[in-house]
Amino acid sequence: MSENISNDIKLPTGEKLVLSSSPHISANGNVRGIMLKVITALLPAAAAGIWFFGLPAAAVIVLTVISCVIAEAVWCLLAGKPVIPAITDFSAVVTGVILALNLPSAVPFYIPVIGGFIAIWLGKQVFGGLGHNPFNPAIVARVALLIALPAAMTIWSPPRGMDKDYPAAELFFGSVAMKQVKQGKLDGISCATPLGIMTDTEKITDTSDRHASAAAKHNFDRINTPALLKKYFWGIRPGCIGETCIPALILGGIMLIIFKLINWRVPVCFIGAVAVTSGLVNFFFPGVTPPPLFHLFTGGVFLGAVFMATDMVSSPVTNRGCLIFGIGCGVITSVIRIWGNYPEGVSFGILIMNALVPLIDRWCAKRPFGYIRRKEV
Amino acid sequence: MSRIKTFKGGIHPAHDGKELTCNMPITEAPLLEKYYVLFSENAGKAPRPTAAVGDKVKKYQLLAEADGFVSANLHSPTSGEITAIVELPGATGVPDKAFEITADGKDHGEVPFAPVSDWKNADSAVIMERIREAGIVGMGGAAFPSHVKLTVPPGKNVDTLIINGAECEPYLTADHRLMVEFPEKVLCGAAIMAKMLNVANVFVGIENNKRDAIASLESLAPEYGIKVIPLQVRYPQGAEKQLIKAITDRTVPSGGLPADAGCIVQNAGSSAAVYEAVVLGIPLIERIVTVTGEVVKNPGNFKLKIGTPVIEAVKMAGGITEEPGKLILGGPMMGFSQKSFDVPVAKNTSGILLLPVDKVLNFASSPCIRCARCVEACPMNLMPCLLCADVEGNRFDLAQSDHVMDCLECGACAYVCPSHRPLVQLLRRAKAEVRKAKNKGTVQK
Numbered sequence: 290m291s292e293n294i295s296n297d298i299k300l301p302t303g304e305k306l307v308l309s310s311s312p313h314i315s316a317n318g319n320v321r322g323i324m325l326k327v328i329t330a331l332l333p334a335a336a337a338g339i340w341f342f343g344l345p346a347a348a349v350i351v352l353t354v355i356s357c358v359i360a361e362a363v364w365c366l367l368a369g370k371p372v373i374p375a376i377t378d379f380s381a382v383v384t385g386v387i388l389a390l391n392l393p394s395a396v397p398f399y400i401p402v403i404g405g406f407i408a409i410w411l412g413k414q415v416f417g418g419l420g421h422n423p424f425n426p427a428i429v430a431r432v433a434l435l436i437a438l439p440a441a442m443t444i445w446s447p448p449r450g451m452d453k454d455y456p457a458a459e460l461f462f463g464s465v466a467m468k469q470v471k472q473g474k475l476d477g478i479s480c481a482t483p484l485g486i487m488t489d490t491e492k493i494t495d496t497s498d499r500h501a502s503a504a505a506k507h508n509f510d511r512i513n514t515p516a517l518l519k520k521y522f523w524g525i526r527p528g529c530i531g532e533t534c535i536p537a538l539i540l541g542g543i544m545l546i547i548f549k550l551i552n553w554r555v556p557v558c559f560i561g562a563v564a565v566t567s568g569l570v571n572f573f574f575p576g577v578t579p580p581p582l583f584h585l586f587t588g589g590v591f592l593g594a595v596f597m598a599t600d601m602v603s604s605p606v607t608n609r610g611c612l613i614f615g616i617g618c619g620v621i622t623s624v625i626r627i628w629g630n631y632p633e634g635v636s637f638g639i640l641i642m643n644a645l646v647p648l649i650d651r652w653c654a655k656r657p658f659g660y661i662r663r664k665e666v
Numbered sequence: 050m051s052r053i054k055t056f057k058g059g060i061h062p063a064h065d066g067k068e069l070t071c072n073m074p075i076t077e078a079p080l081l082e083k084y085y086v087l088f089s090e091n092a093g094k095a096p097r098p099t100a101a102v103g104d105k106v107k108k109y110q111l112l113a114e115a116d117g118f119v120s121a122n123l124h125s126p127t128s129g130e131i132t133a134i135v136e137l138p139g140a141t142g143v144p145d146k147a148f149e150i151t152a153d154g155k156d157h158g159e160v161p162f163a164p165v166s167d168w169k170n171a172d173s174a175v176i177m178e179r180i181r182e183a184g185i186v187g188m189g190g191a192a193f194p195s196h197v198k199l200t201v202p203p204g205k206n207v208d209t210l211i212i213n214g215a216e217c218e219p220y221l222t223a224d225h226r227l228m229v230e231f232p233e234k235v236l237c238g239a240a241i242m243a244k245m246l247n248v249a250n251v252f253v254g255i256e257n258n259k260r261d262a263i264a265s266l267e268s269l270a271p272e273y274g275i276k277v278i279p280l281q282v283r284y285p286q287g288a289e290k291q292l293i294k295a296i297t298d299r300t301v302p303s304g305g306l307p308a309d310a311g312c313i314v315q316n317a318g319s320s321a322a323v324y325e326a327v328v329l330g331i332p333l334i335e336r337i338v339t340v341t342g343e344v345v346k347n348p349g350n351f352k353l354k355i356g357t358p359v360i361e362a363v364k365m366a367g368g369i370t371e372e373p374g375k376l377i378l379g380g381p382m383m384g385f386s387q388k389s390f391d392v393p394v395a396k397n398t399s400g401i402l403l404l405p406v407d408k409v410l411n412f413a414s415s416p417c418i419r420c421a422r423c424v425e426a427c428p429m430n431l432m433p434c435l436l437c438a439d440v441e442g443n444r445f446d447l448a449q450s451d452h453v454m455d456c457l458e459c460g461a462c463a464y465v466c467p468s469h470r471p472l473v474q475l476l477r478r479a480k481a482e483v484r485k486a487k488n489k490g491t492v493q494k
């Protein structure tokens, strides 16, 4: 405060003044930051996938991400839209990683390439790009690939730690391949997933025929032993790259909740609805489907519930809506798994509920402040 | 008091900028050469001028007379001469006429109203007339004439008076300092209004980050029969409906008035003005203004005469350290940005905020990613993201049925939006379109 007072005062000229609507401050944060956080939360599952399925898994992830980003850039160029914000917001990278985690590690190279283009072009850009897609782009691509190229999409490699000593190994590898497995030659060998075996298991719905029902239950018991459930949980099971390791997915989910990027109601209701639906069916008809833990620890329930159903763009905006959405996803997933032709129902469950989101948003609109009958004064 | 009260929704700005000025005592402003008193200082109808160019005026002299019920008197801030009537930008950007008063340096005038020192036994009508005469308006920002707000509509039963000391706008500390330094003015003003309204429950709601203000009021509150209610720090805690909800747990019905919930709310500054009008007989000619912002050299709180040019206020605060990117009258959440420094301080100018260039927001129409943060933040339980989709599709009928008219324009939605969408602007547009359609009789499809 050494300078003289009045004459030295520097006054604004007002040349730079910006005129705009309030508010004039905002929270730090942008779409790019959100996408980077989602990618961070995806890292544990991606790392687990690479650990269990090796370099092919890493190649699939890299290839899918590159494909998605190129697809985004090409579309923007063709459509005359600016490429820079579209690519640097990292939304294509998120789509790419999620799609890759939904692919088997043994897919031929063209699957990630085609998948990336389907996800970005048909899943997202045809609807108007970021924020406008009614469906989760990664799921659109996965389902399209599964229907169009079923053989290429269902080649499952055994993960690290799955060898001749694996419980019920013959069931997963088949009797022919089992000979090679016993010799330790695991390269190039494919195997069945637990859900695949479940679907191929003979189902007996007639509860009056106790003998038949018990026999069918026995079929499920082979793939539902405590030792196997433990392996399933930690991720030592055939499946898509990112779906097997449940702890990594739970870790990712906790990160997303801490980052405040997802509504916890969606994964909790999703997983809960799968458990309750499969639990009820198993309780009344043990010959129809295995118990809930099997359903939770196999297939992609956790991956779908944590990373796919929670996609901001294609999930509801209200808490009540998220409850309904999560429950719907879980019930449809279970119904497809139990009675459908496909072993897995997660993708279909989420797609169907995605389509209902605009309706759910309207049904579950919050009651605005001031519309509640006030208490008598 | 088990739990600190608040409402549902809202935001908690990480950086509220209050530390710049919250410990700065209120400074008396030096007398200036010229003041520019805007004709229309209040919401509602502008008062009718009673003085003309060339008139010698005394301090406190009436310059314009309330024109109708929803209008407020205007008094001269100092003694001198009306040298011109000039056109100036008002705070909302709409040009307005202003008296140019050239001060004679004496700053002299008779106190125009007889002090009512025995207000406890005064007639309600006398007090009400005094508040009306003194030209008191809502000094938090709305500038709604206080005598109108204090008039209980027929058929309504009001049992609670709430003094709004929440000051939830970031950066502003004018009410805070007022409550710390002049608690007796705020409390006595409240007690006068309570007496006039004949209500038993009088509360002062203050956000819990103003501990010194709470302590200062609590030491005197019991003798006035007033309860001080600490509230959670949560924007917009000072919005009328949210304040009533937090303190009384009553809900003002949509489209209704606080009186529908048995409450009347007055700003802390207005309460002090009521005290000065009734007990001292002084009309509203000055107010406390926070002059602040990262580019202001010595941010602080100043007692400014109505009509002080903003540039002079900035001078009192030591000028600037760098060229500002934005000038805001009011707070950063609901205040109005200005195009020039010619705009004068009005009765509702709670703050003069100069933001640096790098803090100026760039609203982009980047797409909504439906993250639902705005839904969580909306204190009115609206769904801003869906409403704005309605607006962008020109579906104002949908926006109306989605209750856009209940929007407070508090800005919580735009504050949290990661896509930096101009949500408030879109909502304002929808409200304007709905009003326009209502006047025409149909809603545009």
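Going down the list, the sequences are from chains A and B.
Last residue of the first sequence: 666 (the working numbering), numbering continuous.
Last residue of the second sequence: 494 (the working numbering), numbering continuous.
Virtual Cβ for every residue (Gly too), placed ideally from N, Cα, C.
If you're wondering where the values come from, they're calculated on a predicted model, not measured in any experiment.
Cα-Cα separation between B/K276 and B/A262, rounded to whole angstroms: 13 Å
The region 401 to 420 of chain A: positions lying closer than 9 Å to chain B by Cβ: Contact annotation: in the region 401 to 420 of chain A, residues whose CB is within less than 9 Å of a CB in chain B are G417, G418, L419 and G420.
Interface residues of the region 632 to 643 of chain A facing chain B [CB-CB below 7 Å]: The region 632 to 643 of chain A vs chain B, Cβ under 7 Å: nothing.
Near-chain B residues of the region 590 to 617 of chain A (beta-carbon distance less than 7 Å), N- to C-terminal order: M601, V602, V606 and T607
Interface flag, B/Y464 vs chain A, CB-CB below 7 Å: Yes - at least one Cβ of chain A is within 7 Å of the one on B/Y464.
Rounded separation between A/P374 and A/V382 - CA only: Straight-line Cα distance between these residues: approximately 13 Å.
Whole-angstrom C-beta distance between B/G311 and B/V207, which should lie under 8 Å: 6 Å
Segment limits, beta strand (DSSP E) that includes B/A133: Unbroken beta strand (DSSP E) run through B/A133: G129 to P138.
B/Y324, enclosing alpha helix (DSSP H) - first and last residue: Counting along the chain, the alpha helix (DSSP H) containing B/Y324 begins and ends at A317 to Y324.
Length of the line joining the Cα atoms of A/R626 and A/T488: Counting only the Cα atoms, A/T488 lies some 8 Å from A/R626.
Terminal residues of the beta strand (DSSP E) in which B/S250 lies: First, the residue type needs correcting, since residue 250 of chain B is Asn and not Ser in the sequence shown. Unbroken beta strand (DSSP E) run through B/N250: N250 to E256.
6 Å CB neighbourhood of A/V666 in its chain, flanking five on each side removed: Residue confidence for A/V666 is low, a pLDDT of 39 falling below 50, so the modelled location carries little weight; the figure read from the coordinates is stated next. No residues qualify anywhere along the chain.
Chain A contact residues for B/M432, given Cβ-Cβ distances below 8 Å: V606, T607, D650, A654 and K655
Enclosing beta strand (DSSP E) for B/F351 [first to last residue]: Here the beta strand (DSSP E) through B/F351 covers G349 to K354.
Euclidean distance between Cα positions of A/K370 and A/I376: Taking the straight line from one Cα to the other gives about 11 Å.
C-alpha distance - B/R419 paired with B/D167, whole-angstrom precision: 59 Å
Proximal residues, the region 301 to 335 of chain A versus chain C, C-beta separation under 8 Å: No chain C appears in the structure shown, which is made up of the protein chains A and B.
Candidates A/C558, A/F559 and A/P581, of which the one nearest A/L569 by Cα: A/P581
Buried versus exposed call for A/D600 [16 or more other C-beta atoms within 10 Å across all chains shown]: buried
Contacts of B/C237 in chain A (Cβ-Cβ under 7 Å): Near B/C237 there are no residues of chain A at all, since even the closest Cβ is about 27 Å away, more than 7 Å.
Start-to-end residues for the beta strand (DSSP E) that takes in B/R336: E335 to T341
B/E149, enclosing alpha helix (DSSP H) - first and last residue: Where B/E149 is concerned, there is no enclosing alpha helix (DSSP H), although the beta strand (DSSP E) around it starts and stops at P144 to A152.
B/Y273 (DSSP reduced to helix, strand or coil): Collapsing the DSSP output to three states places B/Y273 in a helix.
Contact under 7 Å by Cβ, B/K198 with B/Y324: no
Sequence-distant residues of its chain with Cβ nearer than 8 Å to B/P79 (five each side left out): M365
Cross-strand partners of B/E114 (DSSP beta bridge): B/R97
Start-to-end residues for the alpha helix (DSSP H) that takes in A/I546: I535 to I547
Three-way DSSP call (helix, strand, coil) for B/V345 in this model: strand
Beta carbon of A/G619 nearer than 7 Å to that of A/F574: no
Near-chain A residues of the region 286 to 303 of chain B - C-beta to any C-beta below 7 Å: K290, R299, T300, V301, P302 and S303
CA nearest to the CA of B/C423, picked from B/C466, B/A448, B/M383 and B/F445: B/C466
Alpha-carbon spacing of B/K480 relative to B/G304, whole angstroms: 13 Å
Span separating the alpha-carbon of A/G541 from that of A/C534: 11 Å
Cβ-Cβ distance between B/S320 and B/I176 below 7 Å: no
Cutoff 7 Å: A/Y455 Cβ touching any chain B Cβ: Not closer than 7 Å to any Cβ of chain B, the Cβ of A/Y455 fails to qualify, so no.
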